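See structure below.
In my numbering, the protein residues as written are 598 to 637.
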């Protein structure tokens, strides 16, 4: 049970990171004048 929970948590965190990276990419595409420091 604990192992399954940790694995689910890992997958969830990984998906969140992927989603935030994709959102940053779309932000860069939408606003090419922004540089990395302003987005973060």
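Note that beta-carbon positions come from the ideal geometry of N, C-alpha and C, so glycine has one too.
Model, not experiment: these values are computed from the prediction.
As the crow flies, the alpha-carbon of residue 625 is around 20 Å from that of residue 612. Pairing residue 601 with residue 614, the inter-Cα distance amounts to about 20 Å. DSSP, read as helix, strand or coil, puts residue 598 in coil. Straight across, the Cα-Cα distance linking residue 621 with residue 598 is about 35 Å.
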